[in-house]
């Protein structure tokens with residue numbers, strides 16, 4: 524990255540993720556010059572902009588895209604706006620970082636990616652876990668061949684508490700909201716495409732989640748093109764904290780990444796051996812990964828290199844998520860080719 528060069532950026536969306544990115548851009552990422560925050564809730568945008576000394580606040584993102592000074596946008600708005608804003612930003616000549624998912628609909632994703640490719644701008648999708656140092660190290664070990672041929676993948680991903688029911692209703696469901704990160708991590712760690720999915724699940728945490736048309740507990744089995752098999756287990760509520768673990772077992776060994784702790788103390792006494800809690804949730808657990816992903820995005824702009832998480836990387840977990848949903852609904856394994864063929868037919 525070129526020393527002392529700052530990229531002028533905007534954040535569109537000042538909700539929980541947007542606020543976090545604003546904090547990181549202003550306090551921890553010197554390569555960024557955050558010049559504007561936009562949100563339809565202009566008071567929320569103004570509040571966070573004031574807190575972090577961002578000079579300009581607007582309600583309409585189109586004003587952001589019309590700013591000739593602006594070089595890149597960080598899209599953290601509602602999911603159903605991601606594709607539209609990404610495409611408009613690309614047409615306006617702005618580089619785009621888009622939080623996951625690009626969209627729930629493959630036609631809209633493909634249309635957006637074609638627009639972005641034609642515009643020739645950088646486009647990175649916010650699968651932040653790829654930038655976690657422990658998960659990155661596991662990927663490096665697998666790619667180096669140190670564990671031989673990968674045979675089995677195991678991912679555990681359990682939230683400390685379920686989201687509000689109002690969010691569940693618009694989230695796209697557990698597979699496209701929560702497990703989508705694990706689908707991306709599965710492809711990243713194994714380095715091979717998923718070909719088939721089988722998903723089982725139920726409502727075991729909160730009946731209201733079921734009433735909203737979703738599930739809160741799931742186990743998903745994956746088959747990969749290279750012959751490996753994998754499992755992902757999800758829960759919306761782990762009473763002991765945010766549980767994030769991975770394991771790749773191969774012909775010559777195994778690589779794992781365990782949960783970090785808030786601190787490293789232990790207390791040993793007559794009641795047992797006690798240690799600190801897990802980080803509460805994703806903002807605390809993946810703080811370093813969130814910072815790194817934005818620094819890498821800015822680096823690809825400044826150095827004119829490909830983004831480390833491409834539009835196609837962002838599309839693949841959506842296909843897997845749609846296959847998992849179909850599998851759960853029909854109680855059978857579903858090949859990803861079925862989802863692609865349905866998309867082509869428009870069904």
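Numbering (my numbering), first residue to last: 524 to 870.
Beta carbons are placed, not taken as given, at the ideal position from N, Cα and C, and that holds for glycine.
Under the DSSP definition of a beta bridge, residue 740 partners with 725 and 758. Taking a 10 Å sphere around the C-beta of residue 688, we find fewer than 16 other C-beta atoms and assign the residue as exposed. Within the same chain, Cβ atoms closer than 6 Å to the Cβ of residue 541 are found at 534 and 599, the five residues on either side in sequence being excluded. Around the C-beta of residue 557, 16 or more other C-beta atoms lie within 10 Å, and the residue is accordingly described as buried. According to DSSP, residue 798 shares a beta bridge with 789. Exclusion of the five residues before and after residue 812 leaves 651, 652, 654 and 655 as the residues of its chain whose Cβ lies within less than 7 Å of its Cβ. Cβ neighbours of residue 723 within its own chain (closer than 6 Å, five residues either side excluded): 742.
If you look at residue 691, you'll find it in the alpha helix (DSSP H) that goes 688-691. With contacts defined by Cβ atoms closer than 7 Å, residue 551 and residue 814 form a contacting pair.
Beta-carbon to beta-carbon, residue 834 and residue 639 are separated by about 6 Å, close enough to satisfy the 8 Å threshold. Residue 773 and residue 679 have their C-alpha atoms roughly 18 Å apart. Contact between residue 703 and residue 673 fails: their C-beta atoms lie close to 21 Å from each other, not under 8 Å.
For residue 770, there is no enclosing alpha helix (DSSP H); the residue is part of the beta strand (DSSP E) that begins and ends at 766-773. Within the segment 619-676, the alpha helix (DSSP H) runs of at least 4 residues that lie entirely inside it are, in chain order, 629-642 and 656-667.
Less than 7 Å divides the Cβ of residue 563 from the Cβ of residue 582. Take residue 748, set aside five residues on each side of it, and the residues of its chain with a beta-carbon closer than 7 Å to its own are 715, 716 and 718, in chain order. In the structure shown, residue 848 adopts helical secondary structure according to DSSP, grouped into three states. In this structure, residue 778 places its C-beta atom within 7 Å of the C-beta atom of residue 670. Among the bridge pairs identified by DSSP, residue 747 is matched with 717. Per DSSP, reduced to three states, the secondary structure at residue 869 is coil, with no helix or strand assignment.
About 6 Å separates the beta carbon of residue 595 from that of residue 530, a gap short enough to meet the 8 Å contact definition.
Counted as a single uninterrupted DSSP element, the alpha helix (DSSP H) harbouring residue 565 occupies residues 565-574. DSSP places residue 828 outside any alpha helix (DSSP H), giving it a letter other than H or E. The Cβ atoms of residue 739 and residue 726 lie closer than 7 Å to each other. Non-local C-beta neighbours of residue 819 in its own chain, meaning closer than 6 Å and more than five positions away in sequence, comprise 831, ordered along the chain.
Annotation for residue 611: 588 place their beta carbon closer than 7 Å to its own, counting only its chain and skipping 5 residues before and after. In this structure, residue 808 and residue 852 do not form a Cβ contact; the two beta carbons are roughly 31 Å apart against a cut-off of 8 Å. Counting other Cβ atoms within 10 Å of its Cβ, residue 803 stays below 16 and is therefore classed as exposed.
For the pair residue 737 and residue 707, the Cα-to-Cα distance works out to about 21 Å.
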